[in-house]
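Written out below as structure tokens is the structure these notes cover.
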Amino acid sequence: MLLEKSGANARTERIFNAASGCKMTSLITAMHEARAHHGTGDDATFAIAALYKFVDLDDHRALQPVLQDLCDSQGIQGTVLLAEEGINGTICGTVAGMETVLQWLADDSRFNDLSIKFSFAGEQAFL
Numbered sequence: 094m095l096l097e098k099s100g101a102n103a104r105t106e107r108i109f110n111a112a113s114g115c116k117m118t119s120l121i122t123a124m125h126e127a128r129a130h131h132g133t134g135d136d137a138t139f140a141i142a143a144l145y146k147f148v149d150l151d152d153h154r155a156l157q158p159v160l161q162d163l164c165d166s167q168g169i170q171g172t173v174l175l176a177e178e179g180i181n182g183t184i185c186g187t188v189a190g191m192e193t194v195l196q197w198l199a200d201d202s203r204f205n206d207l208s209i210k211f212s213f214a215g216e217q218a219f220l
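Counting along the sequence shown from 1, when you hit position 86 you're at 179 in the numbering used here, and nothing is skipped either side.
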């Protein structure tokens with residue numbers, strides 16, 4: 094479910110409401126809807142995702158290199174913390190690269206109901 098939210102500077106942004114129980118794969122759709130809503134068009138070729146979820150990740154050490162390799166292969170930059178208590182991070186990459194990472198997260202049911210916000214930019218947000 095996408096909700097409208099007014100920001101501090103009266104800018105409207107779309108956010109994904111994870112509490113709605115939407116399936117994780119809808120995050121890809123939510124990203125595209127948020128991009129269309131922002132009216133950025135083709136100029137915003139990079140998606141920025143701020144995400145978190147508190148969840149038991151006993152295998153977080155095994156997940157870390159897999160997610161790192163995936164992000165590297167897709168040109169995704171930023172920081173993702175994987176720990177026993179969950180996931181938290183902000184990442185940036187092309188829309189296509191972000192789709193790949195979102196699908197990887199969707200393939201692990203522990204990341205269902207991930208809280209995520211999208212924004213968009215014309216260039217990589219992280220160096």
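Glycine included, each C-beta is placed from N, C-alpha and C at the ideal position.
Counting other Cβ atoms within 10 Å of its Cβ, alanine 129 stays below 16 and is therefore classed as exposed.
The C-beta distance from alanine 199 to leucine 120 rounds to 7 Å, short enough to fall under 8 Å. Under the three-state reduction of DSSP output, alanine 129 falls in the helix class. DSSP places glycine 186 within a strand segment (E or B) once states are collapsed to three. Pairing alanine 140 with phenylalanine 211, the inter-Cα distance amounts to about 7 Å.
For the 9 Å CB-CB criterion, leucine 207 and glutamine 170 do not form a contact. For alanine 155, the uninterrupted alpha helix (DSSP H) segment begins and ends at 153-167. Spatial neighbours of glutamine 167 in its own chain (CB-CB distance under 7 Å, excluding positions within 5 residues in sequence) are listed in chain order as Gly186, Gly190, Thr193, Val194.
Comparing alpha carbon positions, the residue from Leu150, Lys146, His131, Met124 closest to alanine 176 is Leu150. A Cβ-Cβ separation of about 5 Å places valine 148 in contact with glycine 179 under the 8 Å criterion. In this structure alanine 155 is exposed. Its beta-carbon is surrounded by fewer than 16 other beta-carbon atoms within 10 angstroms.
For threonine 172, the enclosing beta strand (DSSP E) starts and ends at 170-176.
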